[in-house]
Amino acid sequence: MKSSSRGAVDPFIVMDVMEEARTLEAAGRRIIHMEVGQPGTPAPAAARAALTDAMAAGSLGYTVALGLPELRAGIAQLYQRWYGVDLDPARVVVTSGSSAAFLLAFTALFDAGDRVGLGEPGYPSYRQILRALSLQPVGIPTREENRLQPVPADLEGVDMAGLIVASPGNPTGTMLDHAALKALISHCAARGISFVSDEIYHGLHYGERAVSALEITDEAYVINSFSKYFSMTGWRVGWMVVPPGHVRTIERLAQNMFICPPHASQIVALAALDCVDELEANRATYATNRRLMLDGLPLAGFTRIAPPDGAFYVYADVSALTEDSLGFAREILHEAGVAVTPGLDFDPVRGRQSLRFSYARATADIVEGLARLQAYMASRPGGIVQG
């Protein structure tokens, strides 16, 4: 049977690493997970209790395509609480995770063959979703002096219909301040380039908070999720905010592509919005883990790192150690029992010389993982390379 060329996307390497780690665990190995951006904590307790109550009260079924009205209103209130933005709930669209939001956004904004820019290193699934929709991803190499975030100068002369920007970024955790984000948005507006702001790691910051594109303009697609700050990866519920004139287009697409987001997950998400104390305690744990990583990774020879402003990743330049990050990550997994992500997931060229370390799990796991990395790198031929 013939296959579509649209299906010929690259693998999401971190998921392959997870599977290889799972195989080792099934064989009896204990693996420390620093590969995937998955919180080690469950959904907030009160949110899980809300679902138990809802299931006891009756059946769960289809909701309207744009999501439960009360959840859309709650998300709008979150923008007032976090950013001081007065947001009409009618512009909020609940989705089956941020992945569904990207499918909806890219389908609504772009025609087949359109070129869409994304900073590199960046989230790999942008590139693959675009390809699956017959769109052309355009990698924009970012620079260390800009903390691996795009700036308008990087966009000059690049022909594109859209630009995707993430702040805090994945894999770097670096953020754009208000002026830097506004400069990118203004550049795109002046050239008719659609702007998509990935804000999935908002709420996870360790100094100044992240800036939302909605503080600057209504003419952007803003995508977020309950996966990261709200600790709900497996529940598959996210959201997007779109300009008023785009709501009906998104609604028609959502009706046909997804019918609606999972009802159960929406109930949990609505209750999670009020679980501030538990969620802030999680963020405090990430802050502790971040300090441990910034102190411990250099002791293992990973010295070329940019301290992350947000999210829960450290991106390391390992060019002094390897030019094969895929093989190096596999070596670390099998020899040290620590799962890490090769940079090739995030940058198809420079990623051969970088690794991403996640510190989303429990602090005890971070401590053990760092000890394993330090011991293994000290025993590795050539020892620890100091930068």
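Under the numbering used here, the first residue of the sequence shown carries the number 6, and numbering increases by one thereafter. Yeah, the Cβ is synthetic: ideal placement off N, Cα and C, and Gly gets one too.
- By the C-beta density criterion, A367 is exposed, having fewer than 16 other C-beta atoms within 10 angstroms.
- Residue nearest to G167 within the set E75, D279 and P142 is P142 (criterion: CA-CA distance).
- Across the structure, S270 and A277 are spaced so that their CA atoms are roughly 10 Å apart.
- D314 places its beta carbon 8 Å or farther from that of T147.
- From the listed residues R152, A365 and A62, the smallest Cα separation to R288 is found for A365.
- Counting only residues of its own chain and dropping the five nearest sequence neighbours on each side, L83 has a CB closer than 7 Å to the CB of L278.
- In this structure, V41 is the residue among P129, V41 and V252 with its C-alpha nearest to the C-alpha of V343.
- Excluding five sequence positions before and after A95, the CB atoms of its chain that fall closer than 8 Å to its own CB belong to R77, P249 and V252, given in chain order.
- With contacts defined as CB atoms closer than 8 Å, V90 and G122 fail to qualify as a contacting pair.
- Three or more Cβ pairs closer than 8 Å define a contact, and the region 202 to 215 meets that threshold against the region 226 to 233.
- In the structure shown, S199 adopts extended strand secondary structure according to DSSP, grouped into three states.
- In this structure A52 is not in contact with V242, their Cβ atoms being roughly 11 Å apart against a cut-off of 8 Å.
- By the criterion of a C-beta distance shorter than 6 Å, D119 is surrounded in its chain by L140 and A166, once the five residues flanking it on both sides are discounted.
- DSSP, read as helix, strand or coil, puts Q358 in helix.
- Between the region 97 to 112 and the region 312 to 331 there are fewer than three C-beta pairs closer than 8 Å, too few to call the two in contact.
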